[in-house]
Amino acid sequence: MEPNIQSSETETQAPQSAQINTESSGAISPATAPASGQEWQEWLEPVSDFLAKLPDYLGKFFSDYKQPLITVGLIVAGIITVKLTLALLSAINDVPLLAPVFELVGIAYTGWFVYRYLLQSKTRSELVQEFNTLKAEVLGGSEGKKG
Numbered sequence: 002m003e004p005n006i007q008s009s010e011t012e013t014q015a016p017q018s019a020q021i022n023t024e025s026s027g028a029i030s031p032a033t034a035p036a037s038g039q040e041w042q043e044w045l046e047p048v049s050d051f052l053a054k055l056p057d058y059l060g061k062f063f064s065d066y067k068q069p070l071i072t073v074g075l076i077v078a079g080i081i082t083v084k085l086t087l088a089l090l091s092a093i094n095d096v097p098l099l100a101p102v103f104e105l106v107g108i109a110y111t112g113w114f115v116y117r118y119l120l121q122s123k124t125r126s127e128l129v130q131e132f133n134t135l136k137a138e139v140l141g142g143s144e145g146k147k148g
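Residue numbers for the sequence shown follow our numbering, beginning at 2 and rising by one.
Spelled out as structure tokens, the structure:
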């Protein structure tokens, strides 16, 4: 039984020696940062050089690819416009009684247009003249003044 007693005595003594703190309170360990600071400077130097030259790179890129960038921008803007228009029309279509009202307005305007411009030959020639005038204004030609 004695070996058990001795082992228990050594077990109780080991934790006591591990709990004793021999360091003086408030001591600051020395810093080992000089090597780490040099590594950061080695990494930061190329990055800062690149960032310093970035406006020149971007200016050259935009001047070299001005037309393709404008084309891509217009295509993206067109796609966004079409998507927003379709979403707006879908939202309007979901409002009760709004779609039938728009249909009635469209039918009424079509009826008025047919009555006003298409039933008589005199009003048809007036419509053609107005169309040619508008075409001449848009295209910059003198076709509208001939008719």
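Even glycine gets a Cβ: it sits at the ideal position worked out from N, Cα and C. Quick caveat, the model's predicted, so the values are computed rather than measured.
| Query | Result |
| --- | --- |
| 7 Å Cβ cutoff met for L128 and Y118 | yes |
| Cβ separation of L87 and I93, assumed to be a contact under 8 Å, to the nearest whole Å | Going by Cβ atoms, the distance from L87 to I93 rounds to 11 Å, so no, they are not a contact pair. |
| Helix, strand or coil at Y118 according to DSSP, with G and I counted as helix | helix |
| Residues near Y110 in its chain [Cβ-Cβ closer than 8 Å; skip 5 each side] | none |
| CA-to-CA distance, I76 to K123, given in whole angstroms | 44 Å |
| Backbone secondary structure at Y66 - three-state DSSP | coil |
| Distance, Y66 Cα to G60 Cα | 10 Å |
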